Amino acid sequence: AGGDNGYVKITTKTMPLSMAQKEYGDGLQLSGTETLAEILIEDNGSGIDEEHLEKLFSPFYSSKDNGIGLGLSIAWKIIKAHGGDVNAESHLGKGTKFSIVLPAKTG
Numbered sequence: 070a071g072g073d074n075g076y077v078k079i080t081t082k083t084m085p086l087s088m089a090q091k092e093y094g095d096g097l098q099l100s101g102t103e104t105l106a107e108i109l110i111e112d113n114g115s116g117i118d119e120e121h122l123e124k125l126f127s128p129f130y131s132s133k134d135n136g137i138g139l140g141l142s143i144a145w146k147i148i149k150a151h152g153g154d155v156n157a158e159s160h161l162g163k164g165t166k167f168s169i170v171l172p173a174k175t176g
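In the working numbering, the protein residues as written are 70 to 176.
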């Protein structure tokens with residue numbers, strides 16, 4: 070996160086599937102649940118440019134010289150295996166936000 074005034078903010082909430090579809094679009098298909106858990110992770114760092122953002126979850130892709138590019142691709146596979154979805158949005162100079170949505174077990 071950006072310098073001395075940088076932050077990383079993590080928030081969680083649960084919501085009904087209908088609300089999540091309004092927020093994330095009708096393409097959001099989560100297996101066998103009416104309630105979802107959302108985890109948002111955001112910072113005010115330098116952001117990720119569009120070229121890197123498109124490849125972010127690809128195996129072995131890294132924008133770092135010493136990275137092997139497996140962390141986010143493994144996280145994506147785990148989230149998908151649990152019936153969830155993950156997205157990233159970023160703006161250069163303003164920061165990045167990851168949203169993870171998973172089926173919530175209720176009762």
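We treat Cβ as the ideally placed atom computed from N, Cα and C, and that holds for glycine. Note that the coordinates shown come from a computational prediction; the quantities given were computed from them, not determined experimentally.
Quiz prompt | Strand pairing of His160, partner residues [DSSP] | solution = His160 is bridged to Gly164.
Self-check item: Buried or exposed by the 16-neighbour rule on C-beta atoms within 10 Å, applied to Ser81
Solution: Looking at the sequence provided, one finds Thr at residue 81 rather than Ser. That one is exposed.
Quiz item: Considering only C-alpha positions, which residue in the set Lys166, Leu161, Ser132 is nearest to Ile110?
Solution: Just measuring C-alpha positions, the residue of Lys166, Leu161, Ser132 sitting nearest Ile110 is Lys166.
Exercise. Could you tell me which residues DSSP pairs with Pro172 in its beta bridges?
Key: BP columns for Pro172 point to Leu105.
Practice problem: Would you please state the rounded distance, in angstroms, between the beta carbons of Gly153 and Gly114? I believe it to be under 8 Å. | Solution: Incorrect: roughly 24 Å between the Cβ atoms, too far for contact.
Quiz prompt | Selected residue, minimal CA-CA separation from His151, among Leu122, Pro85, Ala106, Leu125 | solution = When only C-alpha atoms are compared, the closest one is Ala106.
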